[in-house]
Each structure stands twice: as C-alpha cells, then as structure tokens.
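Below is one structure; the comments refer to it alone.
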Amino acid sequence: MFLFACVVLVWYAVFAEGRSGLEVYFLDVGQGDAIFVQAENGNQMLIDAGPNKNVLRQLAGAMPFYDRTIDVVLATHPDLDHIGGLPEVFGRYKVDLVIEPGMAADSGEYLAFDKAVEEAGAKRIFARRGMKINLSDEVYLLILFPNVDVSSWSANDASIIAKLVYGNTSFLLMGDSPQKIEKYLVSLDKENLDVDVLKVGHHGSKTSSSEIFVGYASPEYAIISVGADNRYGHPHQEVLDILNKFGVQILRTDENGTVKIKSDGQKVFVNF
Amino acid sequence: MFFIIFFAVGIFTGSFFDLSVYFGLLFVFLALTLKLLKLNFNNLVFFVGMLAFGLGFSWYAYEVIPPDLSDFQIGRQVLLEGVVADEADERENYTRLVLEVGSGAKILIYTGHYPKFNYGDKLKISGELRKPEKIDDFDWPAYLAKDDVYLEMFYPDIELISVGNASRIKRYLFSLKADLLSNVSRVIPEPHASFLGGLTFGAKQSMPKGLQDDFRKTGIIHIVVLSGYNVTIVADAIMRVFSFLPSFFGIGLGALGIAAFAVMAGASATVVRASIMAVFVLLARATGRIYEITIALFAAGFLMILHNPKILRFDSSFQLSFLATMALIWVAPIVEPKLKFFPKKFHIREFATATISTQIFVLPLLLYKMGLFSAVSVPVNLLILIFVPATMLFGFLTAAAGFVWYYLSLPFGWITYVLLHYELKVVEVFASLPFASFAIDNFPLWVMLSVYAGYAILIFYGKDKKIF
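Note that the protein sequences, when read in sequence, are chains A and B.
Each residue of the first sequence is one higher than the last, beginning at 858 in my numbering.
Each residue of the second sequence is one higher than the last, beginning at 3 in my numbering.
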C-alpha cells in the first residue's frame, strides 16, 4: 500500500514536471491582475496577485501540489487589486526575489505586503528601465518602465511595464499604466513594443490602450484581466473597439476563466 | 419533558411577535387562575403546557429587549472605542469584526483584510453608525441580535490602541487555531487548505464562493459551516470505530475527540453547545438507555435556550445539532435493519445508517432555511463522510507536526491532500450533474413544523408509547 502510494507520487511528479516551453497563466482572480509565469526550466514568477486570497486557488491549479516556492514576485504597483493577495502568497510560498516600482502606500494591504516581504527575508529591488531578469537561459523579463524614481507618483502612473521574451515570442505586460505612459513608451522605442500577446493596461479601462499604442504593439492576442460585472464597467467599449479595429483576438478572464498561453519560442498557443 | 417542549414553543412563538413580556405573563396568570379555580378539568397537561408556554414567551420577550441605544448617535459620524469580541470573520472581499463598546452593545464592523485585528484588540473607530436592516425576507437584525449585535459600521477609520484586552484563555485558543491553520496552509494548497480548516478547526475564513455553492448543491455544506453537525457525526464515527474496545474506552475516546474539536474550534458557544449534544449520542449508544438520554438531551437544550432564547429560532447550528442528535438516537436504530444491503466492512453500513438517519431528520429544516433540495445529498454524504474522520485525523496531525518540523508535516500533509482532493472531486462531480439540486422557493414554516410533528408521531407512537 505504502509502495503503491510512492509509485503514484513519483508518476505524478514525473507528469507534473514534464513541461515544455514557456507557460503564462493569466489567472482568474476577479477584478484584478495576477499572472503566473513558468519558464521552460521550471523557474517561476508571479506578477501581481489580485485583490484577495483567491489567487492561492488559481496558483494551486497551475502548480503541482508539493511545489511551495515561487522564485520571483513582481508587484506592478501598490493597489489592492494587484497586491491584495500577496501577503497570503508570502505566507504559503517561499519567495527569493521581490521586484517593485519603488513607491510606498499607507494602505493596510501595502503595509501587510511590506511586512510579509521583510519576514520572508526575500531580496527586494526597484524595477528600472533596461533591467533584465533572466528566468532561464532563454526566457527573460525586460523592464520598460519606470525609468526614474517614482516614489511620489500616483500608483497607476508608477506601474511597472515589462516585456517577457522567449525566442521569437513576446508578451507585453502593462499593469495599470495610463495612456500618457503608453505614449511616452512609444516616443522612446516603438520598435521594441511589437509583441504577440498584450496584457492590456488597467483591466480594459479607456484610460489605457490608446489607438497608437495598440497599433505599435500589434498583438495577436489581447488579455483583459477583469472581474465579471465589476463596478467600474471594465472593460470599456472604446478599448474593445480599438482592439477589434486592429483585428486582435480578445481573451477575458471573466469570460474565459484563467487564460493559459504556451510558447515554444516560435509561436504562441492558447488553451483554456 | 412536556414543560420543556411547551417552553420552547413559547419562545418560538414569542420570536415571531414583537410583544411585551406581559403578554406571556398573561398566559402564566391565566394558567394559575384556571388552576386555582379548578376550572381546568384537573387536566395537568393543559395547566403545565399553558404555564410553560407563557413562561417561554415572557422569557424570550424579556431577553430580546435591546440594550439602551440612545447613547449612540445613529446615522452620524461618531468616534468610538471598543474591544474586538470575537475572531475576525474573513470573507472574500472584506473582514467582519464584532466590537464591544462599553454598555454591552456590540457593533459589527466591515473593513478590509489588512491590517489584521485579533480578538482582544482595543480599537478606536470613526465612521457612521447604522442600524442593520432586513435583507429581502431574511431577518438580519434578529439574526445579529442573537449575539447582541445591534449596530453596524462600514469601513470606518480604525486605530489600534492596545492588544490583549480580553480573556487570556480564549486569546490563546484563537492564536493556537491560527497557528494550526498556518501550518496546514504551508503544506496543503488551496482550496483544500480552506476546506480542511472549516472541517477540522471550525475555521471561519471562507472557501471560494463557487465552491461553497457546490457544497450547498450537493447537500454537504454542513461539514464546513461550523454547524456542530460534523462534531456529532465524527464523534459517532470514533465511537463506532472503537466499538471493539470496552465501551468505557469507546466513550472516553469519543468524548476526547469531541473535546479536542471544541478546543481547536476556539470553544465558541456554538461549538460547545454542539459538543455537549454530541456527548449525548455517545452516552445513548453506550448505555442503550435512550429514554433517559433523550430527557437529558432535552434538559440540556432547555438550559441552552434558557441561557440564550434567541438561538432556538436564529441559530442554525443549534437547530442542526439538536436534530442530528435526535436522529442518531432515535432514527438510526429504526433505519439500521433496513440497510442490510450495505456491507459491514469498514463500518460502511454504520456510516450509511448515520448519514441516512440524520439526512432524513434535518432535511425539512434545510429546505426551510436554504430552499434548496439536493437530490444527490445521500450518496455525496455517504461517499464523503466515510473519509471525514480520517481526513480530520491526518489534517490534525499535519498541523501538529508543523510545530515540530516543516518536513515532518509533509507526508501527513500529502495524505490529507489526497483525501481532501477525493472529497472535493466528489463534490465537483455531483454538483455538475444537471439534476443535482432543485430550488424550492416555497417551503413555508408550517409545512416544516407539520413534517416534524409527523416524524414525532411516527417515531414515538409508532414504536413505543412510554415516552410521555
């Protein structure tokens, strides 16, 4: 009986560890953002964690049950719908590195996050443009924004923007960045913005996703991380219209649940 | 016995009418007058019934007189100081705190998850006081009043003044429970960990809403809502598993299991009440003296409703555990011989007996309360309850081993995970069946009461007339 259990466990592990390529999960955490990234070598990164502990259940669905570590946690900016689930994540998973924009907030959830990071003893760094986080030999995260000290900025303006690259495929993760930051990025290096998958800014609010920006990004898929019937009316029709105009296929966490995208380095594949 | 029943009827009736103490006393007075004038045809039953009804009615009316709220400026911005009087109740998007402010009145506070506050924290809050209001048909104010909560405040500014202002023992129990839960959540992922928390430690922090709905649909929600119903069933299971031992040890282990659960669940009034009733099941089984035990059970119930008459109508946990206890004492012996087709191995037949008899007995109450009839309730309960004692045991071992060494808790955690995974799968599969549940919108009170009256007649008169 015991031996049988061991065999089952080993086969489960073999199956769970048998992965290929980069996997990106846009987790269904209601109104908020949470993106789980697993590189082809098994290294993991969590970008935001939604408003509450629902992220834990979603993470459990994306990871094998015995895996209790996440290598990198990135908090795009200190708003509840992005960091509300993080204190619970630190309570349950061992995290080595924390990346944040470098702005504090005096909200209860930010203080709890701050305390959780300190207690976990994780290394903390401020994201700055040009930084490259190597998840594996071939998968890296390139920070596009902020490029300056944002400690006194408003939270959404300070939001980290990053590009996840694996071979010829790339994902642009916008946090809650508004249009003015999008336009600033376009003015800096529009060539670098062309991606396969765009996580649109601010849950599809019309304050983000300007036409010019979406045009330069020209993604194949756009992800809108949003809660059903949220009180903000996200995503706004204007944004959907712009995306449709460019022929982008829209994937929404409120309609599709967790959106899982795989990349083999050449092409991206969507499966729900 | 008769007195108790009519006392309860009095309380129950009283809970529907907003009448003064004197209305109840009128019945007492009438009863006494009739007795004195010997106009009651010397019918003792009539006299006692009327007297008890009147007393119960008065007692309820007396107990629900709300404290003087005139000191509180309802609808205004106020600044108050108080002590957190219970565990924080973490919901999906907010946390609820019960704050006791001086004069015995309690305020229900809605706030964010962070910062976290604990039992015994002294807080200074500023916000707008409101009176709770009825939500559709649900009498939310009366429900809150059972715990002496008469006011609400939404998202006040909160300032922590000091910690540790309440019972040291309770504080210790709550923090023990929090530590046990955190040990569990370090090895077991979600939603399994939350499920185990509700099952084994009576944890209030809720499972995701969708999953809760599935539990409701399959008629198994009772095992996670701190109903005390699971205490009864688990105690019963422990007893049966150890039935090969001399009955003294069986009862001892059963009682120990119940006490352990009560302590882990924070020994709240709800859990203590349920645990006391669970002990009666053990006694009934061990001694076989079901009449005496029934009387003792009623006496215990009487003391409980005397202590807080509001629970009779508004505390589902009290109702469920009382009914489940009655079912195990009375219905189980009737049902058991009819379940011969269940194998005796692994105590399957015994679990089937316990499940089916309690299900029969609590069904009308559940229909009245939730308006949802689960067609798959019996198989789901059977498939799950058989593994509940083992799950609780390994869950507890996981949590306890976590205090010693993280890696020691891993193997226990994985065994628990497998059990939990199986149980959640059962819920998921059955909940996805198209005919899993039917909404029954119209199941009025009188139907429920008549069904129970029918049960009582069937059991007592159908079997034996000695009870009265």
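Note that the Cβ used here is the ideal one computed from N, Cα and C, for glycine as well.
On a predicted model such as this, the values are computed, not experimentally measured, just so you know.
Any C-beta of chain D under 8 angstroms from that of residue i
i	result
residue 913 of chain A	Protein chains in the displayed structure are A and B, and chain D is not among them.
Contact list for residue i against chain B, beta-carbon separation under 8 angstroms
i	result
residue 1012 of chain A	Under the 8 angstroms cutoff, chain B gives no residues; its nearest Cβ is about 16 angstroms from residue 1012 of chain A.
residue 966 of chain A	114, 115, 116
Interface partners of residue i on chain A, CB under 9 angstroms
i	result
residue 187 of chain B	913, 945, 948, 949
Residues of its chain near residue i, where Cβ-Cβ distance is below 7 angstroms and the 5 sequence neighbours each way are ignored
i	result
residue 1048 of chain A	none
residue 967 of chain A	935, 940, 961
residue 7 of chain B	none
residue 307 of chain B	10, 13, 313, 314
residue 1085 of chain A	1111
residue 963 of chain A	none
residue 324 of chain B	279, 303
residue 311 of chain B	13, 61, 62, 65
Interface partners of residue i on chain B, CB under 9 angstroms
i	result
residue 969 of chain A	115, 116, 117, 118
Within chain A, the residues that residue i reaches when beta carbons sit closer than 8 angstroms
i	result
residue 1 of chain B	Because chain B in this structure spans residues 3 to 470, residue 1 of chain B falls outside the shown range and cannot be described.
residue 158 of chain B	Under the 8 angstroms cutoff, chain A gives no residues; its nearest Cβ is about 13 angstroms from residue 158 of chain B.
Beta bridge counterpart(s) of residue i as assigned by DSSP
i	result
residue 1127 of chain A	A/1118
residue 84 of chain B	B/125
residue 357 of chain B	DSSP, once it has assigned bridges, lists no residue as partnering residue 357 of chain B.
residue 97 of chain B	B/92, B/113
residue 989 of chain A	A/999
residue 375 of chain B	B/440
residue 980 of chain A	A/954
residue 132 of chain B	B/154
residue 1026 of chain A	A/1023
residue 79 of chain B	B/130
residue 108 of chain B	B/102, B/151
residue 137 of chain B	B/140
6 angstroms CB neighbourhood of residue i in its chain, flanking five on each side removed
i	result
residue 263 of chain B	233
residue 397 of chain B	198, 202, 418
residue 1064 of chain A	1035
residue 399 of chain B	414
residue 468 of chain B	Per-residue confidence for residue 468 of chain B stands at a pLDDT of 44, beneath the threshold of 50, marking its modelled position as unreliable; the derived number appears in the next sentence. Excluding positions up to five away in sequence, the list is empty.
residue 472 of chain B	As displayed, chain B neither begins before 3 nor continues past 470, which places residue 472 of chain B out of reach and without an answer.
residue 360 of chain B	326, 329
residue 908 of chain A	889, 937, 938, 941
residue 1050 of chain A	1073, 1074
residue 196 of chain B	209
Proximal residues of chain B, C-beta to C-beta of residue i below 7 angstroms
i	result
residue 917 of chain A	191, 192
Same chain, Cβ closer than 8 angstroms to residue i, five either side skipped, listed in chain order
i	result
residue 80 of chain B	74, 128, 129, 130, 131
residue 869 of chain A	921
residue 986 of chain A	1000, 1001, 1002, 1003, 1004
residue 87 of chain B	100, 101, 102, 108, 121, 168
residue 910 of chain A	942, 945
residue 1092 of chain A	1057, 1060, 1061, 1062, 1081, 1083, 1109
Beta-carbon neighbours of residue i, restricted to chain A and to distances below 7 angstroms
i	result
residue 184 of chain B	948
residue 210 of chain B	911, 914
Near the ligand NAD: residue i beta-carbon under 7 angstroms from a heavy atom
i	result
residue 385 of chain B	Ligands displayed in this structure: none; no statement on the ligand NAD is therefore possible.
Q: Give, in chain order, every residue of the region 893 to 913 of chain A whose Cβ lies closer than 8 angstroms to some Cβ of chain B.
A: The residues in question are 908, 909, 910, 911, 913.
Q. Where in the region 901 to 943 of chain A do unbroken runs of the alpha helix (DSSP H), each at least 4 residues long, occur, reported from the N-terminal end onward?
A. List check, alpha helix (DSSP H) in window: 911 to 919, 937 to 940.
Q: Pull out every residue of the region 93 to 106 of chain B whose Cβ sits closer than 7 angstroms to any Cβ of chain A, in chain order.
A: So the list reads 94, 95, given in the order they occur along the chain.
Q. Residue ranges of each alpha helix (DSSP H) run of no fewer than 4 residues wholly in the region 386 to 436 of chain B, ordered along the chain?
A. Scanning the region 386 to 436 of chain B from its first residue to its last, the whole alpha helix (DSSP H) runs of 4-plus residues come out as 390 to 406, 408 to 433.
(Q) For the region 926 to 942 of chain A, list every residue whose C-beta sits within 9 angstroms of some C-beta in chain B, in sequence order. (A) Here the close residues are 937, 941.
**Q.** Sequence ranges, beta strand (DSSP E) only - wholly within the region 157 to 217 of chain B, length at least 3
**A.** Here the runs fully enclosed are 159 to 164.
Q: Give, in chain order, every unbroken run of the alpha helix (DSSP H) that is at least 4 residues long and sits entirely within the region 1057 to 1117 of chain A.
A: For the region 1057 to 1117 of chain A, whole alpha helix (DSSP H) runs of length 4 or above, ordered along the chain, are 1068 to 1074, 1094 to 1102, 1110 to 1113.
Q | Segments of 4+ residues assigned as alpha helix (DSSP H) that fall wholly inside the region 304 to 331 of chain B | A | Whole alpha helix (DSSP H) segments, 4+ residues: 313 to 316, 318 to 328.
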